[in-house]
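**Q** Sharing a structure below in structure tokens format, with a few things to ask.
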Ligand code: SF4
Ligand code: SF4
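Numbering (the working numbering), first residue to last: 1 to 67.
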């Protein structure tokens, strides 16, 4: 199967409660909490499109789109 190519990775900042679950689950350490405890994609170039962040976010704040 061809490797998925990331089209967009969106984090709805106003839905994020800063629980850090996505940060913990991301196998490539793409995500971080910023100074106001919102998830941000700090190293998007390392994203392998596994969607764990999207699947694990309890607030449905993350949307991963692939090509
Ligand atoms: S899709 Fe996977 S690799 Fe990309 S940010 Fe989410 S958990 Fe990390
Ligand atoms: S799992 Fe969802 S609510 Fe929790 S820090 Fe990540 S984006 Fe925010």
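For every residue, glycine included, the Cβ atom is placed at its ideal position computed from N, Cα and C. All values derive from a computational prediction rather than experimental measurement.
Along the chain, where does the beta strand (DSSP E) that runs through residue 32 open and close?
**A** Translated into positions along the chain shown, residue 32 becomes position 32. Element bounds for residue 32: 31 to 33.
**Q** Taking a contact to mean a Cβ-Cβ separation below 8 Å, would you say residue 41 touches residue 31 in this structure?
**A** Taking the first residue of the chain shown as position 1, residue 41 is located at position 41. Taking the first residue of the chain shown as position 1, residue 31 is located at position 31. Their beta carbons are under 8 Å apart, which means residue 41 touches residue 31 by this criterion.
**Q** Mind reading off the beta-carbon distance from residue 7 to residue 67? Whole number of angstroms is fine, and I expect it under 8 Å.
**A** Taking the first residue of the chain shown as position 1, residue 7 is located at position 7. Taking the first residue of the chain shown as position 1, residue 67 is located at position 67. Correct: roughly 5 Å between the Cβ atoms.
**Q** Just to confirm before moving on: does the CB-CB distance between residue 16 and residue 61 stay below 8 Å?
**A** The count along the chain shown starts at 1 and reaches residue 16 at position 16. The count along the chain shown starts at 1 and reaches residue 61 at position 61. In this structure, residue 61 lies closer than 8 Å to residue 16 by Cβ.
**Q** Suppose the cutoff is 7 Å on Cβ atoms and the five residues either side in sequence are ignored; what does the same chain contact list for residue 23 look like?
**A** In the chain shown, the residue the question calls residue 23 occupies position 23. Only 31, 32, 33 and 39 meet the Cβ criterion.
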